[in-house]
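Visitor:
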Amino acid sequence: MVLLTVAAGLAACSAVRLGYNTLGDVAYWWLDSYLDFTPQQASRVREDLVRLHQWHRSEELPRFEQMLQRMEQLVPRDVTPEQACGFMTEFRERLLAVARQAETAAVPLATGLEPDQLLHLQHKYEKNNADYTSEWVRLGPAEQKEKRYRQFLDRAEMIYGRLDEPQRQELRRDVDRSIFDPKRILTERQRRQQDALQTVGRIVRERVAFDEARVMLRGYVERALTPPGAAARAYQDALVTEGCRHFAILHNSTTLAQREAAVRRLRAWQRDLRELATGR
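In my numbering, the protein residues as written are 17 to 296.
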C-alpha cells in the first residue's frame, strides 16, 4: 500500500528531483491558499519552510531510501498483508516526525493568526468538501468503483508494468468488495477540519502561550491521524487492513518480469533520493 502511495507521489525519476527541489515553494503556496498570509507572516513562513526542507533533506530522505531498500528486498518473493502494513506503520511514523519538527514554526504561526484568517481557512475547507462531494460522493456506486479501479490500476502498472487480464479482474474484484465509503470519508474529513478550526481558534482567541499551544497542536495532529471515535477508528483500521491485504494479493500474483520491473523502479527512486540528500 505504501509502495503504491510512493508511486503516486513520485511518478518518474525526473519528477522526483524536480518536485522535491521545488517543495518549499509548493508548500508555501499550498499553505497560503488555506491561511492567506500577511506580508510579515509570508516572510517568516518561507524561512521556516527552507529550514524544514533542509532538515528533511538531510534527516528523512536517507530513512526513505532505507525503507525503499527493504521494499526491494521483499519484491522477489511473496509478501504477507502484515509485511505490507509494516511499511504503512513506518510511513505514519515519518509523518509524525515531520509534524514534530515543524512544531517550532507552526506554533508561532498559529498564535499570530487573525480571526479573518480562520474564516478564510473555514471557506477553504468548505470548498474542498464541495469538490470532494462532486468528485466522489455524488457518483453512483458503479462510477465510484470504476474510478477507484482506474486509480489503483494506474498506480500498480507504474510499479509492475502492464497487468495481465486475470490480475486486472482480481483488482476489480478487490475494489468491488471494498468497504470504501466516500460519505464516511467526508464525515471524517469534516471532523478533522472542525477540530483544526476549534484548536487554532482557541489559540488565537486566548493567545495561548507557546508550550500550551504546542501541546494543543500536537494533540490535533494525533487526532487527525487516529480518529478519537471508536467507530471511525475501527473503520480507518479496517480500510488499512483491507489495503494491505489487497496489495499482498496483487503482488503475489505478479510474474518474474513484473517483479523485476518493480525492483528497477525502486532502485531508480533510491538513486534519486541519494542524490537529493546531497543537494543535487
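No residue lacks a Cβ here, since even glycine has one placed at the ideal position from N, Cα and C. None of the values given here were measured: they were computed from a predicted structure.
Hey, is the segment 151 to 159 in contact with the segment 194 to 202, meaning 3+ C-beta pairs nearer than 8 Å?
Guide: Because the criterion of three Cβ pairs below 8 Å is met, the segment 151 to 159 and the segment 194 to 202 touch.
Visitor: Taking only three categories from DSSP, how would you classify phenylalanine 53?
Guide: The residue you call residue 53 lines up with position 37 of the sequence shown. Coil at phenylalanine 53, not helix or strand.
Visitor: Of all the options Asp64, Ser74, Thr127, Gly40, which has the alpha carbon lying nearest to the alpha carbon of glutamate 228?
Guide: Residue numbering aside, residue 228 sits at position 212 when the sequence shown is read from its first letter. Shortest Cα-Cα distance from glutamate 228 to any of Asp64, Ser74, Thr127, Gly40 involves Thr127.
Visitor: If distances are taken between C-alpha atoms only, which option among Glu258, Arg73, Val123, Trp71 comes closest to arginine 60?
Guide: By 1-based counting over the sequence shown, the position of residue 60 is 44. Nearest option by C-alpha distance: Val123.
Visitor: Hey, valine 310 and methionine 232: beta-carbon distance below 8 Å or not?
Guide: Within the shown structure, residues of the chain are numbered from 17 to 296, placing residue 310 beyond reach of any answer.
Visitor: Go to proline 198, then tell me how far its alpha helix (DSSP H) extends in each direction, as first and last residue.
Guide: On the sequence shown, position 182 is the one that residue 198 refers to. 198 to 222 is the extent of the alpha helix (DSSP H) around proline 198.
Visitor: Just checking my contact of arginine 208 with alanine 240 at CB under 8 Å: how many whole Å lie between their CB atoms?
Guide: Within the sequence shown, residue 208 is the residue found at index 192, counting from 1. Within the sequence shown, residue 240 is the residue found at index 224, counting from 1. Yes, they are in contact, since the Cβ atoms of arginine 208 and alanine 240 sit about 5 Å apart, within 8 Å.
Visitor: Taking only three categories from DSSP, how would you classify leucine 129?
Guide: Start at 1 with the first residue of the sequence shown, and residue 129 comes out as number 113. Leucine 129: coil per DSSP, three-state reduction.
Visitor: Quick one: is leucine 295 buried, meaning 16 or more other Cβ sit within 10 Å of its Cβ, or exposed?
Guide: As a working mapping, residue 295 is identified with position 279 in the sequence shown. Residue identity differs from the one stated: residue 295 is glycine in this sequence, not leucine. Result: exposed.
Visitor: Could you tell me the distance, in whole angstroms, from the CA atom of glutamate 109 to the CA atom of phenylalanine 80?
Guide: Along the sequence shown, read from residue 1 onward, the residue named residue 109 stands at position 93. Along the sequence shown, read from residue 1 onward, the residue named residue 80 stands at position 64. Going from the Cα of glutamate 109 to the Cα of phenylalanine 80 covers about 11 Å.
Visitor: Which runs of the beta strand (DSSP E) at least 3 residues long sit entirely within the segment 241 to 275? Give them in chain order.
Guide: none
Visitor: Compare the Cα-Cα distances from leucine 343 to each of Arg62, Leu68, Arg193, Gln82 and report the closest residue.
Guide: This structure cannot settle anything about residue 343, because the visible part of the chain is limited to 17 through 296.
Visitor: Could you tell me the alpha carbon to alpha carbon distance between tryptophan 45 and arginine 73, rounded to whole angstroms?
Guide: Stepping through the sequence shown from its first residue, residue 45 is reached at position 29. Stepping through the sequence shown from its first residue, residue 73 is reached at position 57. Spanning the two alpha carbons is a distance of roughly 20 Å.
Visitor: Residues in the same chain with beta-carbon distance under 8 Å from histidine 3, minus the five sequence neighbours each way, listed in chain order, please.
Guide: Residue 3 falls outside the range modelled here, since the chain spans only 17 to 296, and no answer is possible.
Visitor: When the Cα of glutamate 173 is compared with those of Leu68, Ala43, Ala277, which residue comes out closest?
Guide: Start at 1 with the first residue of the sequence shown, and residue 173 comes out as number 157. The residue with the shortest Cα to Cα distance from glutamate 173 is Ala277.
Visitor: For alanine 24, which residues from the same chain have a beta carbon less than 7 Å from its beta carbon, with the 5 sequence-adjacent residues on both sides left out?
Guide: On the sequence shown, residue 24 is found 8 positions in, with the first residue counted as 1. Residue confidence for alanine 24 is low, a pLDDT of 39 falling below 50, so the modelled location carries little weight; the figure read from the coordinates is stated next. For alanine 24, where only same-chain residues beyond five positions count, the Cβ hits under 7 Å are Arg171.
Visitor: Looking only at its chain, what residues have a beta carbon closer than 6 Å to the beta carbon of alanine 250, apart from the 5 residues adjacent to it on each side?
Guide: For the purposes of this step, residue 250 is identified with residue 234 of the sequence shown, where counting begins at 1. Here the set comprises nothing.
Visitor: Quick check on the DSSP output: the alpha helix (DSSP H) that includes glutamate 181 runs from which residue to which?
Guide: In the sequence shown, residue 181 corresponds to position 165, counting from 1. 181 to 193 is the span of the alpha helix (DSSP H), which, as asked, contains glutamate 181.
Visitor: Taking the alpha-carbon positions, what's the proline 78 to methionine 104 distance?
Guide: The residue given as residue 78 occupies position 62 in the sequence shown. The residue given as residue 104 occupies position 88 in the sequence shown. Roughly 17 Å separates the two Cα atoms.
Visitor: Would you grab the beta carbon distance between valine 66 and glycine 40 for me? Rounded to a whole angstrom, and I think it's under 8 Å.
Guide: Along the sequence shown, read from residue 1 onward, the residue named residue 66 stands at position 50. Along the sequence shown, read from residue 1 onward, the residue named residue 40 stands at position 24. Yes, valine 66 and glycine 40 are in contact; Cβ-Cβ is about 6 Å, under 8 Å.
Visitor: According to DSSP, simplified to helix, strand and coil, what is proline 92?
Guide: What you label residue 92 is simply residue 76 of the sequence shown in a count that begins at 1. Correct three-state label for proline 92: coil.
Visitor: Given a cut-off of 8 Å on the beta-carbon distance, is the pair leucine 202 and alanine 121 in contact?
Guide: As a position in the sequence shown, residue 202 is number 186, starting the count at 1. As a position in the sequence shown, residue 121 is number 105, starting the count at 1. For leucine 202 and alanine 121, no; Cβs fall outside 8 Å.
Visitor: Excluding the 5 residues preceding and the 5 following leucine 213 in the sequence, name in chain order all residues of the same chain whose CB lies nearer than 8 Å to its CB.
Guide: Counting from 1 along the sequence shown, the entry for residue 213 is found at position 197. Leu134, Leu137, Gln138, Tyr141, listed in sequence order.
Visitor: Whose CA, out of Thr270, Arg62, Ile175, Phe263, lies closest to the CA of threonine 38?
Guide: Here residue 38 refers to the residue found at position 22 of the sequence shown. Residue Arg62 is the option with its Cα nearest to threonine 38.
Visitor: Answer with buried or exposed for glycine 259, where buried requires no fewer than 16 other C-beta atoms within 10 angstroms of its C-beta.
Guide: Here the question's residue 259 lines up with position 243 in the sequence shown. That one is buried.
Visitor: With the cut-off set at 8 Å, would you say glycine 205 and asparagine 145 are in Cβ contact?
Guide: Position 189 of the sequence shown, counted from the first residue, corresponds to residue 205. Position 129 of the sequence shown, counted from the first residue, corresponds to residue 145. The sequence shown places arginine at residue 205, rather than the glycine named in the question. Yes, the pair counts as a contact, with Cβ atoms nearer than the cut-off.
Visitor: Report the three-state DSSP secondary structure of glycine 35 (helix, strand or coil).
Guide: What you label residue 35 is simply residue 19 of the sequence shown in a count that begins at 1. Glycine 35 falls in the helix class under three-state DSSP.
Visitor: What whole-angstrom Cβ distance do arginine 281 and isoleucine 175 have, given they're in contact under 8 Å?
Guide: As a position in the sequence shown, residue 281 is number 265, starting the count at 1. As a position in the sequence shown, residue 175 is number 159, starting the count at 1. Contact check for arginine 281 and isoleucine 175: beta-carbon distance about 6 Å, within the 8 Å limit, so the pair qualifies.
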